[in-house]
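Here the structure is laid out as structure tokens; the discussion comes afterwards.
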DNA sequence: GGCGGCGATTGATCAGCGTCAAGGTCGCGC
DNA sequence: GCGCGACCTTGACGCTGATCAATCGCCGCC
């Protein structure tokens, strides 16, 4: 699928590209294209070189790390997150395996063209710096989440964050299968089940992928919520920090 | 301490600044200065705004995250790592608390001047992007290290990484107190002691802060060493990735 | 309708690791 | 020299969470 004018407008408005020089942008887009991927497509492989910068326009992506025979979900990406930015900038191997968890529409920009544009354009440099700072910040949050909290605290924090992100209503929709959520939270599916069950007395009801929080305030006392760990806006890596800075809290689709 | 010519030369050669325009560099350095800090100085506080970009020229820094009453060491920084780059770029609060663990010489650059220079100079933008990509990469490695390995595997991997980094001799010098190492590896000091003891049968001898590895190859079988987790060059966050790319393995002082 | 498979749950058991408490060693200052 | 404190070590115990196994419910398919 080659890029049409309406696509270009949409892309131009992305935070990564909005400050880029017209000429540089045009050259960059000459090699870029949109592609639709069915659910389950593997976009990157941990340890393999990345040749494209991805920007997720519609759909969802799961980032997974693995070593030996173990694997763990490290993050979930939503529109309009970028993917592979760090490995493209460093011209190094992919850090994680990325897989679509829904049918997805993705912008693909050739890596070498992107690196070249980065050398020429200060606006792009600044945008990339901001994006990567957000990624780093998200990763550090995740690290703190894992090292400083128990599994149950992580679950409660996650539920409260989703609760806030989805508008504060009692019903919260889980954005992924429980198995994936368990891995993201650093626990086994069995343990996640038990953790949910243990929250029953605190007003948490589960029905499929909908969770109802009857007493969010009470929950908060279980979780040690912490603004330096739980991001009020984004899920993790990328996309999160920028919005806060811009006076954010601009309506975000309920993930 | 204001900046003299030899200082400026040294700073100019740092990866962050080597591609910056002369004029921009001069303006940036007008507000910058060098400062010596005694051991134990707190440079940043988690959650508080950061007003300076730090570059560690001599000494060592510990990065710590905390929540409620728990705390954990997230990384150790060595020359010539940068500190606060992400929070300066985002103009947001500090992610971690930073403290010198030795007397240290540090370059301090005012944050707003740095942000302004970032808007003007593509060379700086690229350098910052590379540095932050390296930070992100380091944080992801650390996350995988924590989620995919047991405490003992983390210790063995750490020892092997230090072994390689210090030139491959049998004797490895621990770069920090055991208490700090334990926290960095996500375990208690007691558990670290026991883990060390359990490695005795595998040729690991401990004497104070020097560890002797009699059979490194055998150790590797315990550890699941993984190039996508263990960084051959740097310790973590910052400084690591760039060198690899440049055909690295340029002699690195044994930390 | 019946069957097969996947995901989620539940229970029993176990290992890893944290916690608490008690030494032990070293270095420093009086 | 003596005593104190910081750091590390060792042991006993308990909790968190992983593992293994069985069951249930749901959905798609034959």
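Chains as they are written, first to last, in the working numbering: chain A, 40 to 294; chain B, 40 to 294. By construction, the Cβ of each residue, glycine as well, lies at the ideal position given by its N, Cα and C atoms.
Nearest-angstrom Cβ-Cβ length linking residue i and residue j, presumed shorter than 8 Å
| i | j | result |
| --- | --- | --- |
| residue 162(B) | residue 59(B) | 5 Å |
| residue 252(B) | residue 209(B) | 6 Å |
| residue 114(B) | residue 102(B) | 4 Å |
| residue 250(A) | residue 211(A) | 5 Å |
| residue 187(A) | residue 106(B) | 4 Å |
| residue 165(B) | residue 164(A) | 6 Å |
| residue 224(B) | residue 263(B) | About 15 Å separates the two Cβ atoms, so there is no contact after all. |
| residue 168(A) | residue 234(B) | Contact flag wrong, Cβ pair sits at about 39 Å. |
| residue 152(A) | residue 42(A) | That pair is no contact at about 13 Å. |
| residue 99(B) | residue 73(B) | Not a contact, Cβ separation roughly 17 Å. |
| residue 82(A) | residue 48(A) | Actually they do not touch by this definition, with Cβ atoms about 25 Å apart. |
| residue 140(A) | residue 215(A) | 7 Å |
Under 9 Å by beta carbon: chain A residues contacting residue i
| i | result |
| --- | --- |
| residue 213(B) | Those within 9 Å of residue 213(B) in chain A number zero; the least Cβ separation is about 20 Å. |
| residue 72(B) | The premise fails here: residue 72(B) is roughly 23 Å from chain A at the closest Cβ pair, so nothing lies under 9 Å. |
Residue i at chain A interface by Cβ criterion, 8 Å
| i | result |
| --- | --- |
| residue 185(B) | yes |
| residue 169(B) | yes |
| residue 179(B) | yes |
| residue 135(B) | yes |
| residue 128(B) | yes |
| residue 44(B) | no |
| residue 109(B) | yes |
| residue 206(B) | no |
Under 8 Å by beta carbon: chain B residues contacting residue i
| i | result |
| --- | --- |
| residue 85(A) | 267 |
Close Cβ partners of residue i (< 8 Å) along its chain, the five nearest in sequence each way excluded
| i | result |
| --- | --- |
| residue 75(A) | 40, 142, 143, 144 and 145 |
| residue 267(A) | 180 and 183 |
| residue 257(B) | 241 and 242 |
| residue 157(A) | 128, 163, 164 and 167 |
| residue 254(A) | 241 and 242 |
Amino acids of chain A, ordered along the chain, whose beta-carbon sits closer than 7 Å to that of residue i
| i | result |
| --- | --- |
| residue 161(B) | 158, 159, 160, 161 and 164 |
| residue 174(B) | 175 |
Below-8 Å beta-carbon distance, residue i vs any chain B residue
| i | result |
| --- | --- |
| residue 330(A) | This structure gives no information on residue 330(A), because the portion of chain A shown stretches from 40 to 294. |
| residue 257(A) | no |
| residue 138(A) | no |
| residue 234(A) | no |
| residue 62(A) | no |
| residue 57(A) | no |
| residue 279(A) | Residue placement at residue 279(A) cannot be trusted, given a pLDDT of 48 that sits under 50; the coordinates are not used to answer. |
| residue 300(A) | No answer is possible for residue 300(A): the residues shown for chain A start at 40 and end at 294. |
Sequence-distant residues of the same chain with beta carbon closer than 7 Å to residue i, five excluded per side
| i | result |
| --- | --- |
| residue 220(B) | 213 and 231 |
| residue 248(A) | 212 and 213 |
Chain-ordered neighbours of residue i on chain B, where CB pairs are closer than 9 Å
| i | result |
| --- | --- |
| residue 113(A) | 179, 182, 183 and 186 |
Chain-ordered chain A contacts of residue i [CB-CB under 8 Å]
| i | result |
| --- | --- |
| residue 106(B) | 183, 187, 188, 263, 265, 267 and 268 |
Cutoff 6 Å; reference residue i; Cβ partners in own chain excluding five residues on either side
| i | result |
| --- | --- |
| residue 86(B) | 132 |
| residue 104(B) | 111, 113 and 135 |
| residue 200(A) | 269 |
Interface residues of chain B facing residue i [CB-CB closer than 7 Å]
| i | result |
| --- | --- |
| residue 225(A) | 186 |
Q.
Across the stretch 236 to 250 of chain A and the stretch 169 to 176 of chain A, are there enough close Cβ pairs to call them in contact, namely three or more that are closer than 8 Å?
A. Contact between the stretch 236 to 250 of chain A and the stretch 169 to 176 of chain A is absent, because fewer than three Cβ pairs lie under 8 Å.
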